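Trainee: Residue numbers (this note's numbering), protein chains in the order written: chain X, 88 to 285; chain E, 88 to 285.
Note that beta-carbon positions come from the ideal geometry of N, C-alpha and C, so glycine has one too.
As the structure is a computational prediction, the values presented were derived from the model and not from experiment.
Number of protein chains: 2
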Amino acid sequence: MVTLYDYLDSGNGYKIRLLLAQLQQRYNWVELDILANETRTPGFLAKNPNGRIPALELADGTCVAESNAILWYLAEGSPFIPDDRLARAQVLQWMFFEQYSHEPYIATSRFWLQHKPDSPEKSALLASKRDGGWAALKIMEEHLAKNNFFVGNYSIADIALFAYTHVAHEGGFPLDDFPRIQAWIEGVKAQPGFVSMI
Amino acid sequence: MVTLYDYLDSGNGYKIRLLLAQLQQRYNWVELDILANETRTPGFLAKNPNGRIPALELADGTCVAESNAILWYLAEGSPFIPDDRLARAQVLQWMFFEQYSHEPYIATSRFWLQHKPDSPEKSALLASKRDGGWAALKIMEEHLAKNNFFVGNYSIADIALFAYTHVAHEGGFPLDDFPRIQAWIEGVKAQPGFVSMI
């Protein structure tokens, strides 16, 4: 059985929990407190030298890191990754968009709002994240004008983007002006095997 | 024939040029001046709503964006992506590492050093990128202690990481203390069909 190293409030970790539930795959779950630096111990750094959750440990002890690479590993051969070559690349396109143009703005703002005391540094960081976060949501809204899901049917591209988008308001990005994103969120929640984040 | 929208000095664009050369695949090349906002015109935003190069336009007009998704699209079925399921996930792991933990530090520092006038903002940004850039290089150096390439034989994981690592000194990250990265750079340069960045 695989073991997921995770932190309950992490959207990146939730991606894996959601896919595993929808694959009906059992797993061991180990929570590490990122606030107490439990991902920076020698033991965990031997599993993932980048010191981040989620990490998926396979039965033979091999670890796969990076949430979207873990999604790909688990979903290969399932309906959660399309068969078509172009569609597969488009799934990856949205997953790289998520990690480069979405998560660093929306998830980072959410983390600072939830966990950091008020300070000039916090104010400056949050201010620096506004334009990028809104830009990512605008791109998603426009894409969803012509698509129910990001690439064809529901896929790991939707899982990757759902994780931090459905809690974007907790990062200071309420979705009131994004009706198509709201409809897509309901579409994801209606998928078989859906589980909520916490 | 495919068309690559690109900017000559972009490492992200260079990834695609290098792979296309090694695949011996011909392509049209269109340079857009990112400094003159040529990636923000309505015409280009219709191709890539995220307004970034590289973007690969297929013969039917479909565009694929995100450098590492383009690499995956072009390399599927070639020796530049391994066949094994775990190895494929590890290739993606290093490519997500590159976009999240490497490029935002090293490539961004290089861009600001090359293109932005001195200012307190520039100094603050460069300072904020130091720890992350060195951390990424340290993780690469440790991995290369036991591996000639990032996942098995030379793959698109190496191409993705090579692009900004071999010019890391231009971002203020000289590689003198990273002998294994230096050896790996020579190993990449020795691959058949290698082309340099500029």
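Roughly how many angstroms lie between the CA atoms of E:Lys209 and X:Tyr94, to the nearest whole one?
Mentor: Walking along the second sequence from the start, residue 209 of chain E turns up at place 122. Walking along the first sequence from the start, residue 94 of chain X turns up at place 7. Roughly 34 Å between the two C-alpha positions.
Trainee: List, in order along the chain, the chain X residues whose C-beta lies closer than 7 Å to that of E:Ile226?
Mentor: Mapped onto the second sequence, residue 226 of chain E falls at position 139. By Cβ distance, chain X contributes Pro136, Asn137.
Trainee: Going by C-alpha to C-alpha distance, which of X:Arg113, X:Val89, X:Asp120 sits closest to X:Arg97?
Mentor: By one-based count along the first sequence, residue 97 of chain X stands at place 10. The sequence given here places Ser at residue 97 of chain X; Arg does not occur at that position. The candidate whose alpha carbon is nearest that of X:Ser97 is X:Asp120.
Trainee: With a cut-off of 8 Å on the beta carbons, I'd call X:His202 and X:Leu248 a contact; round off their distance for me.
Mentor: The residue you call residue 202 of chain X lines up with position 115 of the first sequence. The residue you call residue 248 of chain X lines up with position 161 of the first sequence. About 23 Å; that fails the 8 Å criterion.
Trainee: Give the DSSP bridge partners of E:Thr90, in chain order.
Mentor: To locate residue 90 of chain E, count along the second sequence from 1; it is residue 3. For E:Thr90, which the question treats as bridged, DSSP gives the partners E:Asn115, E:Glu144.
Trainee: If you drop the 5 nearest sequence neighbours on each side, which residues of the same chain put their C-beta closer than 6 Å to that of E:Trp271?
Mentor: Counting from 1 along the second sequence, the entry for residue 271 of chain E is found at position 184. Within the same chain, E:Trp271 has close Cβ partners Leu231.
Trainee: How far does the beta strand (DSSP E) with X:Ala152 in it reach, from first residue to last?
Mentor: Taking the first residue of the first sequence as position 1, residue 152 of chain X is located at position 65. Residues 150-152.
Trainee: Does the stretch 248-264 of chain X touch the stretch 207-225 of chain X, meaning 3 or more C-beta pairs lie closer than 8 Å?
Mentor: Contact between the stretch 207-225 of chain X and the stretch 248-264 of chain X is present, because at least three Cβ pairs lie under 8 Å.
Trainee: For E:Ser154 versus E:Ile103, is the C-beta distance shorter than 9 Å?
Mentor: If you number the second sequence from 1, residue 154 of chain E lands on position 67. If you number the second sequence from 1, residue 103 of chain E lands on position 16. Taking 9 Å as the Cβ cut-off, E:Ser154 and E:Ile103 qualify as a contacting pair.
Trainee: Of the choices E:Leu132, E:Asn135, E:Lys134, E:Ala162, whose alpha-carbon is the least far from that of E:Gln112?
Mentor: On the second sequence, position 25 is the one that residue 112 of chain E refers to. Selected option, being the one with the closest Cα: E:Ala162.
Trainee: Whole angstroms are fine: how far does the CA of X:Phe236 sit from the CA of X:Leu158?
Mentor: On the first sequence, residue 158 of chain X is found 71 positions in, with the first residue counted as 1. On the first sequence, residue 236 of chain X is found 149 positions in, with the first residue counted as 1. Computed Cα separation, rounded: 17 Å.
Trainee: How should X:Thr252 be labelled, buried or exposed, when 16 other C-beta atoms within 10 angstroms of its C-beta is the threshold for buried?
Mentor: Taking the first sequence and counting its residues from 1, one reaches residue 252 of chain X at position 165. By the 10 Å Cβ count, X:Thr252 comes out buried.
Trainee: Would you say X:Gly219 and X:Ala174 are within 9 Å of each other, going by their C-beta atoms?
Mentor: By one-based count along the first sequence, residue 219 of chain X stands at place 132. By one-based count along the first sequence, residue 174 of chain X stands at place 87. Cβ distance not < 9 Å, so X:Gly219 and X:Ala174 don't count as in contact.
Trainee: So X:Trp155 contacts chain E; which residues on that side make the cut at Cβ distance below 8 Å?
Mentor: Position 68 of the first sequence holds residue 155 of chain X. Looking at the sequence provided, one finds Asn at residue 155 of chain X rather than Trp. Correct list: Leu179, Phe183.
Trainee: If I measure Cβ to Cβ from E:Asn137 and keep anything under 7 Å in the same chain, skipping five residues before and after, which residues do I get?
Mentor: Here residue 137 of chain E refers to the residue found at position 50 when the second sequence is read from its first residue. Once the five neighbours on either side are set aside, the close Cβ partners of E:Asn137 are Ala152.
Trainee: Using the beta-carbon of each residue, which ones in chain X are nearer than 7 Å to E:Val89?
Mentor: Within the second sequence, numbered from 1, the residue matching residue 89 of chain E stands at position 2. Those within 7 Å of E:Val89 in chain X number zero; the least Cβ separation is about 12 Å.
Trainee: I want to verify the contact list: residues of chain E whose CB lies under 7 Å from the CB of X:Ser188, in sequence order.
Mentor: As a first step, residue 188 of chain X is located in the first sequence; it is residue number 101 there, counting from the start. Correct list: Asn137.
Trainee: Going by C-alpha to C-alpha distance, which of X:Gln177, X:Tyr92, X:Pro141 sits closest to X:Ile243?
Mentor: If you number the first sequence from 1, residue 243 of chain X lands on position 156. The option with the nearest alpha carbon to X:Ile243 is X:Gln177.
Trainee: Would you give the residue range spanned by the alpha helix (DSSP H) that X:Lys134 belongs to?
Mentor: Locating residue 134 of chain X in the first sequence gives position 47, counting from the first residue. It spans 129-134 - the alpha helix (DSSP H) in which X:Lys134 sits, taken as one unbroken run.
Trainee: Helix, strand or coil: which one does DSSP assign to X:Leu213?
Mentor: Locating residue 213 of chain X in the first sequence gives position 126, where the first residue counts as 1. Reduced to three states, the DSSP call for X:Leu213 is helix.
Trainee: Quick check on the DSSP output: the alpha helix (DSSP H) that includes E:Glu273 runs from which residue to which?
Mentor: Reading the second sequence from its first residue, position 186 is the one you call residue 273 of chain E. That run of the alpha helix (DSSP H) goes 266-276.
Trainee: Output needed for X:Phe265: all residues of its chain with C-beta closer than 6 Å, excluding positions within five of it in sequence on either side, in chain order.
Mentor: Translated into the one-based positions of the first sequence, residue 265 of chain X becomes position 178. Around X:Phe265: Leu224, Glu228.
Trainee: When you compare only the Cα positions, how much space is there between X:Asp205 and X:Pro279?
Mentor: Translated into positions along the first sequence, residue 205 of chain X becomes position 118. Translated into positions along the first sequence, residue 279 of chain X becomes position 192. The alpha-carbon atoms of X:Asp205 and X:Pro279 are separated by roughly 41 Å.
Trainee: How about E:Tyr92 and E:Pro141: do their beta carbons lie closer than 9 Å?
Mentor: Your numbering for residue 92 of chain E matches position 5 in the second sequence. Your numbering for residue 141 of chain E matches position 54 in the second sequence. Their beta carbons are under 9 Å apart, which means E:Tyr92 touches E:Pro141 by this criterion.
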